[in-house]
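Novice:
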Amino acid sequence: MRETCLPALLLALCLCLAPGLPHAEGLFIRDAPLPGEERSALHIAPVTTPDESDSPLPAGALAVWRHRDAQQAAALRDQALNGDAEALFAVLALSWRDEEEQRPPLFGAPAAFWEGWAVRMLGVREVWFRLAVTCDAFWRADAASPGDAWERMTADALRVAAANGHAEAMFALAWFCEDFSDGNFRLPEQPEFFMLPRDTGKNGSRTPEARYWMGAAAANGSARAAFYLGIAHEWEDFGITDPAKALGWYREALRGGLGQAAVLLHARLSPFNKDIVPGEASCPASIHYHILMLRMGGNGVGEAAFMAEGMLRGDHALFPTPCLTRKEYEDTLRTTEKEFARIKADMLAKKEQHDALYARAKPIFAELRDAFAAQAKGAPDGAGR
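Residues -24 to -1, 1 to 361, numbered by mature numbering (1 follows the signal peptide of the UniProt record, and there is no 0), are exactly what the sequence shown covers, in order.
So this is what it looks like as structure tokens:
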């Protein structure tokens, strides 16, 4: 990560990236790549659970594909035909790669067959986003593969998903298009959302395409993009140092379920930082975001209560004089609980919508099996029916 001359920002970033911050119920987002980080730090799909780990399927599927193991390929294909969405996207990605390299299909049908049925099940936006996630997983698992084919395919898939309105695809594309640019891209004269100015720092500039997609991602609800824009407003290389606007972006990210935003807001609005944004920092504000940080981390609020009591009495090591009244504290508790409930409800609704999409796709796998059997005999595949 690039160095910055803002010590307070570095301190806040350390807090953001500190270990031991589990997130409750797998709802809240826990990863937010920062300006200057390598693209390898990016997870295309937001991470929501502390123990989230890479699936073993990509490495195994790659071995099957690389060795052209017909028996294991059939097993992976049957896994896909019988309702395993991860296997379906692996088969689609590998079939796509085979066609690009002009090799015969390994899984008994062309890529268009698998794509057509996946789109019928889940829609264009979700399919191409999941395909990007899969290609990225293959890139991470395929260290022996020459060139950057998986990365380019990831970028290609992200473009389709982003063009169809997928906010997280837009966010990821803002990173990928630095290396895999669209030669036909033209920056709109009047974008309908905020865009970063050109980065003039010593480590290079973000391209117009990258700046466009980052702004589009934030405008379409990506909490990670909003957080990135907040950091950028405190990052001197962008030439827009504006702590007040940074706080606004952090709050937007928090509403979108990004726990790291609560960590940073708690630090930014501490009474010790009262000169950063005059009139914003206070003991009630700091406690408010401290509690949200703990609640989104799945923890009790005892730590915040202990600090609040010190603020009330004025005998805390950090607060030698009272800076919080009992009424302010009680009002803050009520306000904070309402905000947490709203954020949680929004994230739960998104999760339920996502789960419902895949639940609706399940019955279609029976039709997919029939269509595969038919095309294997030379009949029309039926993907368009």
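Think of the CB as a built atom: it goes at the ideal place given N, C-alpha and C, for glycine as much as any other residue.
Since the structure is predicted, the reported quantities are computational estimates derived from the model, not experimental observations.
Between which two residues does the alpha helix (DSSP H) harbouring Cys111 extend?
Specialist: Here residue 111 corresponds to residue number 135 of the sequence shown, with the count starting at 1. Segment Val100 to Ala117, the alpha helix (DSSP H) holding Cys111.
Novice: What residue does the alpha helix (DSSP H) around Val239 start on, and which one ends it?
Specialist: Position 263 of the sequence shown holds residue 239. Start and end: Gly235 to Arg244.
Novice: Determine the burial state of Gln47: buried for a count of at least 16 other Cβ atoms within 10 Å of its Cβ, exposed for fewer.
Specialist: If you number the sequence shown from 1, residue 47 lands on position 71. Classification of Gln47: exposed, given that the 10 Å Cβ count is below 16.
Novice: Three-state secondary structure (DSSP) at Phe295?
Specialist: Locating residue 295 in the sequence shown gives position 319, counting from the first residue. Reduced to three states, the DSSP call for Phe295 is strand.
Novice: Just confirm the distance between the C-beta atoms of Trp90 and Val67, as a whole number of angstroms; I'd bet it's less than 8 Å.
Specialist: The residue labelled residue 90 in the question sits at position 114 within the sequence shown. The residue labelled residue 67 in the question sits at position 91 within the sequence shown. That pair is a contact at about 6 Å.
Novice: Taking His266 as part of the alpha helix (DSSP H), name the residues at either end of that continuous run.
Specialist: In the sequence shown, the residue the question calls residue 266 occupies position 290. Run containing His266: Cys259 to Met272, per the alpha helix (DSSP H) assignment.
Novice: Would you call Asp112 buried or exposed, if buried means 16 or more other Cβ atoms sit within 10 Å of its Cβ?
Specialist: For the purposes of this step, residue 112 is taken as the residue at position 136 of the sequence shown. It is buried - the Cβ of Asp112 has at least 16 other Cβ atoms within 10 Å.
Novice: Could you check whether the region 190 to 210 touches the region 230 to 237, counting it as contact only if at least three pairs of C-beta atoms, one from each stretch, sit closer than 8 Å?
Specialist: Taking 8 Å as the limit for Cβ pairs, the verdict is that the region 230 to 237 does touch the region 190 to 210.
Novice: Going by alpha carbons, who is nearest to residue 363 out of Phe114, Ala280 and Ala193?
Specialist: As shown, the chain starts at -24 and ends at 361. That puts residue 363 outside it, with no answer to give.
Novice: For Leu333, is the classification buried or exposed, using 16 other Cβ atoms within 10 angstroms of its Cβ as the cut-off for buried?
Specialist: As a first step, residue 333 is located in the sequence shown; it is residue number 357 there, counting from the start. Flag for Leu333 reads exposed.
Novice: If I'm right that Arg79 touches Met129 with Cβ under 8 Å, what's the distance once you round it to whole angstroms?
Specialist: Mapped onto the sequence shown, residue 79 falls at position 103. Mapped onto the sequence shown, residue 129 falls at position 153. Going by Cβ atoms, the distance from Arg79 to Met129 rounds to 15 Å, so no, they are not a contact pair.
Novice: Got a sec? Which residues, its chain only, sit under 6 Å from Asp148 by beta carbon, not counting five neighbours each side?
Specialist: For this step, residue 148 is matched to residue 172 along the sequence shown. Here residue 148 turns out to be Ala, not Asp, going by the sequence shown. Excluding sequence neighbours, Ala148 sits near Ile20 and Leu134.
Novice: Can you find the residues in the same chain that come closer than 7 Å, C-beta to C-beta, to Trp41, ignoring five residues on each side of it along the sequence?
Specialist: If you number the sequence shown from 1, residue 41 lands on position 65. Taken in chain order, the residues that qualify are Leu70 and Leu82.
Novice: For Ile216, name the three-state secondary structure that DSSP assigns.
Specialist: Taking the first residue of the sequence shown as 1, we reach residue 216 at position 240. Here Ile216 sits in coil by DSSP.
Novice: Suppose you measure from the CA of Arg318 to the CA of Ala222; what does that come to, to the nearest Å?
Specialist: Within the sequence shown, residue 318 is the residue found at index 342, counting from 1. Within the sequence shown, residue 222 is the residue found at index 246, counting from 1. If I take the Cα positions, the gap works out to 22 Å.
Novice: To the nearest angstrom, how far is it from the Cα of Arg6 to the Cα of Asn275?
Specialist: Within the sequence shown, numbered from 1, the residue matching residue 6 stands at position 30. Within the sequence shown, numbered from 1, the residue matching residue 275 stands at position 299. Arg6 and Asn275: Cα-Cα distance of roughly 15 Å.
Novice: Ordered along the chain, which non-local residues of its own chain (more than five positions away) have a Cβ less than 6 Å from that of Asn140?
Specialist: In the sequence shown, the residue the question calls residue 140 occupies position 164. Once the five neighbours on either side are set aside, the close Cβ partners of Asn140 are Val100 and Arg101.
Novice: Glu13: which of Val95, Ala150 and His43 sits nearest, CA to CA?
Specialist: Within the sequence shown, the letter at position 37 stands for residue 13. Glu13 has its Cα closest to that of Ala150, out of Val95, Ala150 and His43.
Novice: For Phe214, collect the residues of the same chain with a Cβ closer than 7 Å to its Cβ; drop the 5 residues on either side in sequence, then sort them by chain order.
Specialist: Here residue 214 corresponds to residue number 238 of the sequence shown, with the count starting at 1. Within the same chain, Phe214 has close Cβ partners Leu172, Pro173, Asp175 and Ala208.
Novice: Please tell me whether Arg116 and Glu154 are closer than 8 Å, where the distance is taken between their beta carbons.
Specialist: Taking the first residue of the sequence shown as position 1, residue 116 is located at position 140. Taking the first residue of the sequence shown as position 1, residue 154 is located at position 178. Contact flag unset, no.
Novice: Where does Val239 land, buried or exposed, given buried means 16+ other C-beta within 10 angstroms?
Specialist: Locating residue 239 in the sequence shown gives position 263, where the first residue counts as 1. By the 10 Å Cβ count, Val239 comes out buried.
Novice: Are the beta-carbon atoms of Ala138 and Trp189 separated by less than 8 Å?
Specialist: In the sequence shown, residue 138 corresponds to position 162, counting from 1. In the sequence shown, residue 189 corresponds to position 213, counting from 1. Their beta carbons are under 8 Å apart, which means Ala138 touches Trp189 by this criterion.
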